[in-house]
Amino acid sequence: MIDQHRSDGRTSADGETTRHDGHSPGAVRLPFVLVHGGWWGAWSFERLIPLLMSWGHVALARDLPGHGLNARFPSSYLRRPMDTASFQTERSPNAQITRDDHVDAIIDAIECVSGFGHGEVVLVGHSMSGALISMVAERVPERIAKIVYLAAFMPRTGMAMADYIDAPENAGQLVPHLFRGDPAATGAARIDHRADDAASREMGRRAFCGDMSEEDYRAVVNLTTPDEAVAPMATPVWITPERWGSVERHYIMCLQDYALRPALQTRFIEEADALFPYQPTVVHCLDASHGVVLSQPAALAELLVKIATAGRSDVV
0 MIDQHRSDGR TSADGETTRH DGHSPGAVRL PFVLVHGGWW GAWSFERLIP
50 LLMSWGHVAL ARDLPGHGLN ARFPSSYLRR PMDTASFQTE RSPNAQITRD
100 DHVDAIIDAI ECVSGFGHGE VVLVGHSMSG ALISMVAERV PERIAKIVYL
150 AAFMPRTGMA MADYIDAPEN AGQLVPHLFR GDPAATGAAR IDHRADDAAS
200 REMGRRAFCG DMSEEDYRAV VNLTTPDEAV APMATPVWIT PERWGSVERH
250 YIMCLQDYAL RPALQTRFIE EADALFPYQP TVVHCLDASH GVVLSQPAAL
300 AELLVKIATA GRSDVV
């Protein structure tokens with residue numbers, strides 16, 4: 000089911016006019032819990048959260064273990080000029096992080112929002128965190144009103160993120176070209192985001208933020224973590240119809256994505272709908288790069304608010 004995105008005001012069946020944000024007077028506004036993608040942190044939602052709040056929604060993002068203010072860096076990454084050989088072999092300080100560590104952190108964030116009196120949230124996972132929010136929905140489906148995959152991994156049950164990276168549907172992706180060292184040895188998918196050579200930096204921009212200026216991307220680079228723990232990426236997702244399958248599911252495709260190609264995003268949707276056909280994925284499209292949270296926050300905020308406020312029949 001593909002959403003025809005629109006933001007105009009409309010009149011309800013009983014004649015009550017709703018605002019352009021989709022809220023009727025006195026409507027309950029679902030809060031958002033936003034989960035960042037690989038190598039990034041809660042900072043990636045800096046531009047999005049104020050926009051969601053301006054539409055009347057509580058929005059919370061927190062750093063996952065090993066990211067943002069929880070980041071731990073290989074010592075070789077901090078030395079310049081870089082000792083390339085050491086950077087490619089040094090064991091990651093994040094190597095012990097597990098998938099469950101991430102899932103527990105997300106559930107903690109949901110519990111924080113419950114302190115505002117909200118029993119349910121809209122859970123949004125970007126990129127790598129798609130696999131994480133699937134497991135969150137499997138564990139606490141009663142706390143999630145809607146789950147939104149934002150250019151995100153959505154593995155079918157029994158599959159891990161790593162199983163999809165080299166899939167034929169992901170042909171043309173750029174991220175693996177940025178990897179340094181052997182993940183089996185370092186315990187991390189390691190990227191030198193601050194690479195000295197301009198070609199590597201430009202490939203990083205195209206992979207993650209192709210519709211962002213070089214100047215803005217320079218700021219992103221200085222906030223990005225080099226090591227993404229391998230274990231969460233290699234751990235299979237296990238989901239059931241009774242729990243994960245009971246949650247209203249949305250997928251936002253990014254059509255300029257060179258980190259997770261649109262064809263692979265389509266495969267995720269098709270696999271989910273084949274296994275859980277009674278509640279098909281509601282699909283939305285944005286003409287944006289993988290880093291849409293930073294490059295096009297206004298368009299994304301409008302779409303997320305529409306998802307949060309509309310009944311299922313209103314968004315298909």
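Residue numbers for the sequence shown, in numbering that gives the first Met the number 0: 0 to 315. Yeah, the Cβ is synthetic: ideal placement off N, Cα and C, and Gly gets one too. The structure presented is a predicted model; accordingly, all values stated were derived computationally and were not measured.
Range of the contiguous alpha helix (DSSP H) that encloses R205: A197 to C208
Thinking C-alpha only, which one of E45, W39, R98 and S74 is nearest T88? S74
With 8 Å as the threshold, decide whether the Cβ of Q295 is near any Cβ in chain B. Of the protein chains in the structure, only one exists, and it is not chain B.
Inter-residue spacing [alpha-carbon to alpha-carbon] between E301 and M81: 42 Å
Could you tell me which uninterrupted alpha helix (DSSP H) segments, each at least 4 residues in length, are contained entirely in the region 234-284, listed from first to last along the chain? 261-274
Nearest to H117 by CA position, among I96, R142 and V102, is which residue? R142
May I ask you to list the residues that DSSP assigns as paired with A228? A187
So I327 is in the beta strand (DSSP E); what residue range does that whole segment cover? Only positions 0 to 315 of the chain appear in this structure, which leaves residue 327 out of reach.
According to the neighbour-count rule (16 or more other Cβ atoms, all chains shown, within 10 Å of its Cβ), is R189 buried or exposed? buried
By DSSP's criteria, F44 is part of a beta bridge. Which residues make up the other side? F44 is not bridged to any residue.
Do you know whose CA, among N93, A104, R155 and W54, lies nearest A273's CA? R155
Would you identify the three-state DSSP class for A297, choosing helix, strand or coil? helix
Which value, in whole angstroms, describes the spacing of the CA atoms of Q3 and V304? Confidence in Q3 is poor, its pLDDT being 39 and thus under 50, which makes the residue's placement too unreliable to answer from.
At least 3 beta-carbon pairs within less than 8 Å: the region 125-133 vs the region 29-41: yes
Figure out for me which residue from G171, S43 and D191 has the closest Cα to the Cα of R78. D191
Alpha carbons only, please: which of H249, L259, W42 and P182 is nearest the one belonging to A144? H249
Excluding the 5 residues flanking P261 on each side, which residues of the same chain have their C-beta closer than 7 Å to its C-beta? M252 and L254
Just mark N221 as buried or exposed, buried being the case when its beta carbon has 16 or more other beta carbons within 10 Å. exposed
Do you know how far the Cα of Y277 is from the Cα of S218? Here residue 218 turns out to be Ala, not Ser, going by the sequence shown. If you take the alpha carbons of A218 and Y277, they lie about 44 Å apart.
Where L68 falls, given that 16 or more other Cβ within 10 Å makes a residue buried: exposed
If you draw a straight line from the alpha carbon of L29 to that of P49, how long is it in whole angstroms? 15 Å
Please report the distance separating the alpha-carbon of D165 from that of A271. 19 Å
Quick one: residues in its chain with C-beta nearer than 6 Å to the C-beta of G25, no 5 flanking neighbours on either side, listed in chain order? At G25 the pLDDT is 47, less than 50, meaning the model places this residue with poor confidence and gives no usable figure here.
In this structure, does DSSP put H56 in helix, strand or coil? coil
Please report how far the alpha carbon of D100 lies from the alpha carbon of A94, in whole angstroms. 12 Å
Would you tell me roughly how many angstroms separate the C-alpha atoms of E15 and M160, rounded to the nearest one? With a pLDDT of only 35 at E15, under 50, the local geometry of the prediction cannot be trusted, and the value read off the model is given with reservation. E15 and M160: Cα-Cα distance of roughly 45 Å.
Please state the DSSP three-state secondary structure of H125. strand
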